[in-house]
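>
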Amino acid sequence: MPDYKMDKIQMVDLKGQYLKIKPEIDNALLKAVEDAAYINGPQVKQFTESLKSFNKVAAAITCANGTDALQIAMMGLGFKPGDEVIVPAFTYIATVEVIALLGLIPKFIDIREDTFELDYTQLEALISDKTVGVVPVHLFGQCSNMEAVLAVAKEYKIAVIEDTAQAMGAQYIYGDGTTAFAGTIGDIGTTSFFPSKNLGCFGDGGALLTQNVELGEKVQIIANHGQRKKYYHETIGVNSRLDNIQAAILDVKLRYLNHYSESRQKVAEKYDESFKDLTELIIPNRAKYSTHVFNQYTCKVKNGKRDKLKAYLHEKGIPTMVYYPVPVHLQEAYLVYGYKKGDYPVAERMCDEVISLPIHTEMKIEVQEFIIENIINFFNKDGK
Ligand SMILES: *Cc1c(COP(=O)(O)O)cnc(C)c1O
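In the UniProt record's numbering, the protein residues as written are 1 to 384.
(1) According to DSSP, is Leu357 part of a helix, a strand, or is it coil?
(2) Short of 8 Å in beta carbon distance, which residues of its chain neighbour Val213, apart from the five on each side in sequence? Order them along the chain.
(3) In angstroms with no decimal places, state the Cα-to-Cα distance between Gly133 and Ile245.
(4) Tell me whether His329 sits in a helix, a strand or coil according to DSSP, three-state version.
(5) Roughly how many whole angstroms lie between the Cα atoms of Gly76 and Ile222?
(6) Return the CA-CA distance between Tyr4 and Ser263, expressed in angstroms with no decimal places.
(7) DSSP on residue 385, reduced to helix/strand/coil?
(8) Can we count Val137 as close to ligand 1, meaning its CB is less than 7 Å from some heavy atom?
(9) For ligand 1, which residues count as neighbours when the test is a C-beta closer than 6 Å to any heavy atom?
(10) In whole angstroms, what is the alpha-carbon distance linking Lys31 and Lys45?
(11) Give, in chain order, every unbroken run of the alpha helix (DSSP H) that is at least 4 residues long and sits entirely within the stretch 223-311.
(12) What did DSSP end up calling Met146 once you bin it into helix, strand or coil?
(13) Use the C-beta contact count for Tyr232: other C-beta atoms within 10 angstroms, 16 or more gives buried, fewer gives exposed.
(14) Considering Asp187, what are the terminal residues of the alpha helix (DSSP H) in which it resides?
(15) Using the C-alpha atoms, what's the distance from Ile9 back to Gly16?
(16) State buried or exposed for Leu19, treating a residue as buried only when at least 16 other CB atoms are found within 10 Å of its CB.
(17) Is it true that the stretch 113-122 meets the stretch 134-149, where meeting means three or more beta-carbon pairs spaced less than 8 Å apart?
(18) Between Tyr323 and Gln43, what straight-line distance do the alpha-carbon atoms span, to the nearest angstrom?
(19) Evaluate the contact criterion for the stretch 249-264 versus the stretch 276-287: three or more CB pairs, one atom per stretch, below 8 Å.
(20) How is Met1 classed by DSSP in three states: helix, strand or coil?
(21) Three or more C-beta pairs closer than 8 Å, one from the stretch 237-251 and one from the stretch 76-91: is that the case here?
(22) Grab the span of the alpha helix (DSSP H) containing Lys197 for me, first residue to last.
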């Protein structure tokens, strides 16, 4: 086995991904620079159309990042300070941050241990007369059970905002076998084009997707200072734009998104197959209602061995990440909402058990084999 410490194994290989499509990206970039329409230029318009047709959605609106997309969605839905929004206790902070920033009240919901999604069986009990929405987060690249969420949301007339930042290109599979893209099923879906997301640009970027044309128009206006016509402001908005240069890159990369998803799935399948006999490492569950596009390959480590495994792999030059070490309700800034340890036991335990392994579109087989061999060694001898 060669020593990959020198090669530096990465969680994500953005450079390798770029090099494979360098001429196309470079041409698109150069064209955007030469066009010199840097804000809302032709590339933004083109990418918006591509995004819309890829996702088979009535409206796509680009914005500056995935966090803004969530905020704009909640503004577009007319949420008012004091309204309650149900959100998983185990997610990236952005999902909850915008709720707090808008003066809304986050009502946390525990997650399911198998798929890390919000525990939809607890949803109904959390709804009060102040509840206006719920945010299923399609964590790590797999859709939440949207039919379960929508059934409750419809009954209580609350809005559904899909946080699709980690699941662009994943397909939701309905009970009858038909499919729809992640982010196009609830009232509105939000996504991020942060470089390490499945569809990433070379900086920040985000978008909203909706089948509701009227809501699409509203969020479009909000994202642009609340104006439909320049200098006439009909609502309070924000300044949140996708750069033309980023749109040029994204329009090229969107054509490869399905191919990228397949590459990630191939890596995931090899990990699955290699680890299936380990009893202390639980491989990611595949929900029957979703494809999985593996923004992360996240395992659970049993018997308190997570940190030991992480240190062991680090020693061998293998990076791993813990998404996320602290649940949102126990984050210092969010203690003001009055939650305490023990309130969301699954979310809390997952923070101690999860580990995400390197996965990306350019994974070399010998590198993955080196990672696998070391993980198996840890559980079979070195970690005993
Ligand atoms: C990345 C991410 C966001 C925020 O996206 P940014 O573009 O970084 O603002 C929101 N929610 C989830 C689940 C994410 O992973």
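Here a beta-carbon is modelled for each residue, glycine too, at the ideal position from N, C-alpha and C.
In terms of the structure at hand:
(1) strand
(2) Ala58 and Ala59
(3) 34 Å
(4) helix
(5) 7 Å
(6) Because the pLDDT of Tyr4 is 47, which lies under 50, any placement of that residue in the model is unreliable, and the number read from its coordinates should be weighed accordingly. Each residue's Cα considered, the two are about 21 Å apart.
(7) Within the shown structure, residues of the chain are numbered from 1 to 384, placing residue 385 beyond reach of any answer.
(8) yes
(9) Asn65, Gly66, Thr67, Thr91, Tyr92, Ala94, Thr95, Val137, Asp163, Ala165, Gln166, Ser192, Phe194, Asp204 and Gly206
(10) 14 Å
(11) 244-254 and 257-275
(12) helix
(13) exposed
(14) It is not in any alpha helix (DSSP H) - Asp187 carries neither H nor E in the DSSP assignment.
(15) 12 Å
(16) exposed
(17) yes
(18) 34 Å
(19) no
(20) Annotation note: pLDDT 48 at Met1 (below 50); position unreliable, coordinate value reported separately. Of the three classes helix, strand and coil, the one that applies to Met1 here is coil, per DSSP.
(21) no
(22) Per DSSP, Lys197 belongs to no alpha helix (DSSP H) and is neither H nor E.
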